[in-house]
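Per this note's numbering, the very first residue in the sequence shown carries number -19; after that it's consecutive.
Each residue gets a CB set at the ideal place from its N, CA and C atoms; glycine is no exception.
Small disclaimer: the values here were computed from a predicted structure and weren't measured.
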Amino acid sequence: MTLVIGVDAGASHTEALLAVDLTPVARQSGGPGAVSGDAVEQPTRVIVTLVRSLAQHAGGSRSIDALVVGAAGTGTEASRSALAAALDAARIAARVLVTTDGHIALQSAFGNEPGIVLSAGTGSIGLARDPAGNIRRTGGHGWRFGDEGSGYALARSGLSAAAKASDGRGPPTALSEMLGRAPRCADVAATLEWARAADVQQIAALATAVLDAADRGDAVASGLVKAAATDLAAHVHALLAWFPKGRGAPIALSGSLLAEGSPVRRAIVAALEPDSGRILLTNARVDPAAGAVALAQGLAR
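The following block contains the structure:
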């Protein structure tokens, strides 16, 4: 009997999946598990807690044969090595591999076949596997100078639009009222004051207000959604250019911002329409934790 665990460690929450042999048997969720710089204490605590809990679910008498963690914020070898070392030190699995959250989403969507995954939640990243099996990434550079088209970027743009509307530099928008209510503040001025001390996840959570305003027909919010889709489409175009000339690619959309029914998902589908001859947009459900389990099963062999 082989026990493996796959973990999707994101900026807003972490999901862990236990599989016995080839069968998933239990799934648990925890707090944020993204890596920030070289700080791995928080994600290590979250991941270790989930792994130990799932190990108890499996009976607790056997160690986990392999653990694969796909974590946001691990775009560099140094960040992956730091988290892997911390997890190794915790002795929660015989073998440990840390990779990016985009990699496990790609594995979930296409296995070892060619394809592109575009993921947008708190952050954003694109990942592709070409016909030769090579993997390439776009984005994933974090909120300071990346994450274009992400939940954080959309929320920040919404706050900026509300600020401009409040002092006359921008057109009136429903965002002024909707963002004013979001963190239980009295008005948009209070929201902006709150946002100065808020963390990335708290800011990104305001993206839902922008999406709601766009769904209600607010022109400013709709423009922000379209701009986010344009930024996200740039990932796809850059990755598609890496494929052999004339060769198309299937594309899967992942992350909370690109869920079914999301205005951003509708906008990205429209933005990619001119390239429909080379792009096959799939409806496959992307389950990053399951992708991590698939990699862990290979690691355990």
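> Taking buried to mean at least 16 other C-beta atoms within 10 Å of its own C-beta, is W123 buried or exposed?
Replying inline: Buried is the call here.
> Relative to the C-alpha of Q181, which residue among L155, G150, A135 is closest?
Replying inline: Cα-wise, what sits closest to Q181 is A135.
>> Nearest by alpha-carbon distance to A250: which of L139, G55, A207 is it?
In response: Between A250 and the set L139, G55, A207, the nearest pair of CA atoms involves A207.
>> Quick check: the Cα distance between R71 and A221, rounded to an integer number of angstroms?
In response: Those two C-alpha atoms are separated by around 42 Å.
> Is there contact between the segment 83 to 103 and the segment 46 to 53, where contact requires at least three CB pairs shorter than 8 Å?
Replying inline: With the cut-off at 8 Å, the segment 83 to 103 and the segment 46 to 53 touch.
> Fully enclosed by the segment -2 to 55, which beta strand (DSSP E) runs are 3 residues long or longer?
Replying inline: Qualifying beta strand (DSSP E) stretches, in chain order: 3 to 10, 44 to 51.
>> Check whether the segment 240 to 250 and the segment 195 to 213 are in contact - that is, three or more C-beta pairs closer than 8 Å.
In response: Counting Cβ pairs under 8 Å, three or more are found: they touch.
> Would the segment 82 to 93 and the segment 265 to 273 be scored as touching if the rule is three or more Cβ pairs under 8 Å?
Replying inline: Counting Cβ pairs under 8 Å, three or more are found: they touch.
>> Any contact between the segment 187 to 202 and the segment 28 to 40? By contact I mean 3 or more CB pairs, one from each, below 8 Å.
In response: Between the segment 187 to 202 and the segment 28 to 40, the count of Cβ pairs shorter than 8 Å is below three; the stretches do not touch.
>> Helix, strand or coil, according to DSSP, for G160 in the structure here?
In response: Annotated three-state conformation of G160 is helix, per DSSP.
> Sorted by chain position, which residues of the same chain lie with C-beta nearer than 7 Å to D110's C-beta, five sequence neighbours on each side aside?
Replying inline: Spatial neighbours of D110 in its own chain (CB-CB distance under 7 Å, excluding positions within 5 residues in sequence) are listed in chain order as P94, W222, F223.
> On the three-state DSSP scale, how would you describe L186?
Replying inline: Residue state, collapsed to three classes: coil.
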